[in-house]
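Participant:
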Amino acid sequence: MRRGLPALLVAGCIACLALTAHASPPVPVEVGPEAERVAVWPTLRVVVSADRNLGAAQAAVLANGGGAIAVDSPNHIFGRGTAPYWALFSLYNPAPSEQLRLLAVETTTQFDMRLFARSATGAWRQLPSLADAAAGRIGGGTTRPAWALELAPRQATEFLLRIEGPAIVRFPVFAYHPVDFAERERNITVAIGIALGGCLFIIIYAASLRRYLDDTLILLFIYMIIADLVGALWLSGFLAQLFPMLPETALSPIGFAAYASLFGCGSLHARAYLNCASWAPRTDFLLRVLGWLWLALAPFFALAFPVAARILLVWGGAAIAAILVVVSALATHRKIRFSPYIGVAWLAYLVGGMFFLAARIIDNPVAWSSSAFVLLQATVVAACFGFAMSQRLMQQRDALVAARQQAVMEREKAAALMRERSLLFAATNHDLRQPLLGVNLFADLLKSAATPAEREERSRKLDLALKEVDELLLGIQQLATVHEAEHRPVMQRVKLDDLLAPIIEEYRGRSEYKRITIRYVPSRLSITTHVPYFQRIVRNVLSNAIRYTEQGDRILVGCRRGGGLRLVIADTGHGMTEDQIRRAFDAFQRFDTKSSIPDGFGLGLFSTKSLANSLGLAVALKSRAGRGTEFSIALSASGTP
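Letter by letter, the sequence shown follows residues 2 to 642 in my numbering.
Pasting the structure below:
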């Protein structure tokens, strides 16, 4: 141990001598009076020290030593500023008068930056930044860290730039003419204003529709756009310009929380907007878990582990963007409306993240880190999200307008129906009184009949009058059927022949007075239906066929399989014109105006259509004037309607 100590001391002395031998002051950067933007970074001498209490004088000594690192590119990455980095440089003013220059570091997300200047006495003093000068008020800051320098005539002044914080450390240092610096700041501000105005327009438009459309995605969308905007303003430096009183240690968590909220809400927004639950339940669950994890854990990381939080933001954000791009592509393949716009929005983030990662690997961050790229990315994302949401809102608005128009039409139709019903009920007194008077008259005549032939003739007329009364009462019953068909019927399985055979026999008796032949072809088919509704449909069609069929004609009832299984009821009666066919299933339609016999309220086919709809049956009508009419009721191949 004693032998090793002298050797260690000798090695230390040799190292100190070597360090002193290679020590040299930085080469001064000449700043001419006409120069607008002078690169300072090529002459920087950079050192890093684990001692956070290291002063400017000690840092200058280290930077003047042989261990200082040269900067070969303004975008060269030295690592993360978990330990302080010091950069020594010198500026020379060749002019005979004092110059005012602005020193700017063209990066927007560094944590702690300080600039020190060596006075004529050799002492180091810290210079206030423009943000420090604007502290205590809103606005007045700069998008990039900047300091005002007063360069003495024909003198070189040494400066020390200190950077510390979890962000990556770069030294894109430039000395600006004040006019040129103000011009660049103005251009950035204009670009930010355009992006901000576009995003605010989208937000205001979506918020204005919130009062009309009950869609929770609107609020989620607005929050996403705000988060996207705040994150972009943080990266572009506008937050620092707008709130110069806030240090980067406060602005960085705000920006990180904005992007974390964007990724979390974006996952929840995508699963709901793309309706993943209907076609990919596992994907829907994954997006929900990822969304809530980002919203719950990201703020904790931002405060407790700022270095890890930035890594999480880069890699995790790229992973979320990739997942959502894939999900959007799958939704596009499934024809989900407007899903390509969601995919394009997240693809913009994915491309930016890939550029970021690639730039970090090759130590050469390109245009992705510029304010213009960040604002362009935010604007593209907001535009894609906004267009997708606006299309969704317009679709909902059109559906709402259509529903309201339909409701108005239904109200008008119901009002017209009530008016017709009132008129018909008002005429019911006369319509019922006439056949009842006939019943009374024929009954009296029947009593006074002298011969069997007279009794038979008067009995037939009495039977006709009673049938007229029955038809009028059936029409009144059909008025109730219109509302009854709106209720969900109870279905049961039954043989079709068991339903039709009794009805055929009944209507054969009813049609005898017109000598109409009803031909029925029995079927072994079984169907599942509501028996009373189905029988009422058949009765209505048969009554209609008998009413409009001349004496001696025929009616055919049976099943037909051509073009699908159908129950067909065809007659050889009057038939219908094209206009009558269009109006056949409307309420209160009576086409036999030549008949002196009342033919009900014109609700038979309207009731048939209503009952068929409640059973899920399709009723079709074919007819030609003078040739007859064919009604068909479609049945399924298995016999289930």
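Note that beta-carbon positions come from the ideal geometry of N, C-alpha and C, so glycine has one too.
#1: Measure the Cβ-Cβ separation of residue 166 and residue 113 and say whether it is below 8 angstroms.
#2: Pick from 539, 542, 555: whose alpha carbon is nearest that of residue 515?
#3: Return yes when the Cβ of residue 247 is within less than 8 angstroms of the Cβ of residue 159, no when it is not.
#4: In three-state terms, what does DSSP make of residue 493?
#5: Determine whether the beta carbon atoms of residue 87 and residue 60 lie at a separation below 8 angstroms.
#6: Within this structure, are the beta carbons of residue 216 and residue 392 separated by less than 8 angstroms?
#7: DSSP three-state label for residue 1, please.
#8: What does a CB cutoff of less than 7 angstroms around residue 181 pick up in its chain, not counting 5 residues either side in sequence?
#9: Between which residues of its own chain and residue 326 is the CB-CB distance below 8 angstroms, once the five residues before and five after are set aside?
#10: Along the chain, where does the alpha helix (DSSP H) that runs through residue 134 open and close?
#11: Can residue 375 and residue 237 be called in contact, C-beta distance under 8 angstroms?
#12: Pull up the DSSP beta-bridge partners for residue 529, would you.
#13: Which residues bound the beta strand (DSSP E) around residue 68?
#14: Going along the chain, which residues of its own chain have a beta-carbon closer than 8 angstroms to the beta-carbon of residue 341, five neighbours each way excluded?
#15: Return helix, strand or coil for residue 91, following the three-state DSSP convention.
#16: Write down the C-beta distance between residue 389 and residue 356 rounded to the nearest angstrom, noting that I regard them as a contact closer than 8 angstroms.
#17: Out of 303, 241, 231, 221, which one is the CA nearest neighbour of residue 265?
#18: Counting along the chain, where does the beta strand (DSSP E) carrying residue 623 start and finish?
#19: Consult DSSP for residue 552 and reduce its assignment to one of helix, strand or coil.
#20: Give the straight-line distance between the Cα atoms of residue 606 and residue 570, rounded to the nearest whole angstrom.
#21: When the Cα atoms are used, what is the spatial distance from residue 406 to residue 444?
#22: Could you check what DSSP says for residue 580 in three-state terms: helix, strand or coil?
#23: Going by Cα to Cα distance, which pick from 456, 154, 174, 453 is closest to residue 147?
#24: Would a C-beta distance cut-off of 8 angstroms place residue 256 and residue 231 closer than the cut-off?
#25: Can you look up residue 144 in the DSSP assignment and give me helix, strand or coil?
#26: Ignore the nearest five residues each way along the sequence and tell me which others in residue 313's own chain have a CB closer than 8 angstroms to its CB.
#27: Decide yes or no for the touch test of the segment 125 to 134 against the segment 27 to 47: beta carbon pairs closer than 8 angstroms, at least 3 of them.
#28: Only counting the same chain, and skipping five residues up and downstream in sequence, which positions put a Cβ closer than 6 angstroms to that of residue 176?
#29: Sort out for me which residues DSSP pairs residue 560 with in a bridge.
Facilitator: Taking the geometry as given:
#1: yes
#2: 555
#3: no
#4: strand
#5: yes
#6: no
#7: The structure shown does not extend to residue 1, since the chain is modelled only from 2 to 642, so the question has no answer here.
#8: 37, 38
#9: 344, 347, 348, 351
#10: 131 to 134
#11: yes
#12: 494
#13: Taken as a continuous stretch (DSSP letters only), residue 68 belongs to no beta strand (DSSP E), as it is neither H nor E.
#14: 329, 333
#15: strand
#16: Residue 389 to residue 356, Cβ: 24 angstroms. No contact.
#17: 221
#18: 620 to 625
#19: coil
#20: 13 angstroms
#21: 55 angstroms
#22: helix
#23: 174
#24: yes
#25: coil
#26: 299, 302
#27: no
#28: 32, 39, 41, 102, 104
#29: 568
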